[in-house]
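Residue numbers (our numbering): 107 to 319.
To keep things clear, I will list the structure first and then write my remarks on it.
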Amino acid sequence: GSLGKTASMAVIFARLISLGKDHGVHAFVVNIRDKQTHLPFPRIQIGECGPKKGFEGMDTGFIKFDHFRINKDCLLDRFGQVADDGTYSSLIKSNGKRFANSIACLTTGRVMIARGTTENSCYASVIAIRYAFMRRQFGPVGQEKQLINYPMHQYRLFPKFCVAIANYISTIWMFKKWFECLPNLLEEGNKNAELCHSLSSALKVYASRHSED
């Protein structure tokens, strides 16, 4: 988000290779645009991805680096550090676990998106059903039937309303579960964090697609 036109700095996830050894993916804070001209630095290519459904105010973009060099101080080193002589150290020995901890904050975003889109689906469904009770169409004057009494209208509204309610219950459970496990997020073997990561990845896509439909 904001990369296409606006951002002058970015958190970049890239592989950290020190003294010839690959230590996996780490996060780096990188200056990507000149603050005077707002143009990308040499060896950096930035483009815009175009309108984003439901979020058109966000200029989502892409970025490409061509042998762009940064200082080691750009490393966000909570989970892994590089000394001046290139020696790498980390309390977390597994590259995969270290990376999972680094991107754990993204789960909060997925949980919030899933909840927000699900709530929108519930609001839209309630509005549509209430309208169907109020709106009358077809039949003699004064005896027109409510839209809700037409089976085809029920067929179109009720399944989507049921899915919205089911998604809402799921996202509320996941929302509570995630914020319960946040204080112990970095503990080894935190199964709730792993569960929320997997579920939020799936539910974000499913709930937002259902909201769009």
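C-beta: ideal position from N, C-alpha, C; glycine also.
None of these values were measured; they are calculated from a predicted model.
Beta bridge counterpart(s) of residue i as assigned by DSSP
i: Pro146; result: Arg139
i: Ser132; result: The sequence given here places His at residue 132; Ser does not occur at that position. In DSSP, His132 forms a bridge with Ala120.
i: Lys127; result: Ser124
i: Glu154; result: Gly167
i: Val188; result: Tyr194
i: Met115; result: Asn137
Buried or exposed (CB count within 10 angstroms, at least 16 for buried), residue i
i: Arg121; result: exposed
i: Thr112; result: exposed
i: Arg204; result: buried
i: Ser317; result: buried
i: Lys251; result: exposed
i: Ser304; result: exposed
i: Asn290; result: exposed
i: Ala272; result: exposed
i: Val188; result: buried
i: Ala210; result: buried
Close Cβ partners of residue i (< 8 Å) along its chain, the five nearest in sequence each way excluded
i: Leu301; result: Lys283
i: His259; result: Ala238, Leu253
i: Asp319; result: Lys266
i: Ile198; result: Phe185, Gly186, Arg204, Asn207
When the options are compared against residue i, the one with the closest alpha-carbon
i: Gly130; options: Ser208, Gly245, Ala272, Cys155; result: Ser208
i: Arg184; options: Ile176, Ser195, Arg216, Asp190; result: Ser195
i: Asp165; options: Lys127, Ser108, Leu305, Thr277; result: Ser108
i: Asp190; options: Leu125, Val311, Leu212, Arg262; result: Leu125
i: His132; options: Ser200, Lys158, Gly248, Ile271; result: Ser200
i: Leu212; options: Ser317, Val311, Ser306; result: Ser306
i: Val269; options: Tyr229, Leu288, Asn290, Arg242; result: Tyr229
Cutoff 7 Å; reference residue i; Cβ partners in own chain excluding five residues on either side
i: Val135; result: Met115, Val117, Cys180, Leu182
i: Phe171; result: Arg149, Ile150
i: Arg221; result: Thr277, Phe281
Contact under 7 Å by Cβ, residue i with residue j
i: Gly167; j: Gly186; result: no
i: Ala313; j: Thr224; result: yes
i: Phe239; j: Ile219; result: no
i: Phe174; j: Arg149; result: yes
i: Arg216; j: Lys297; result: no
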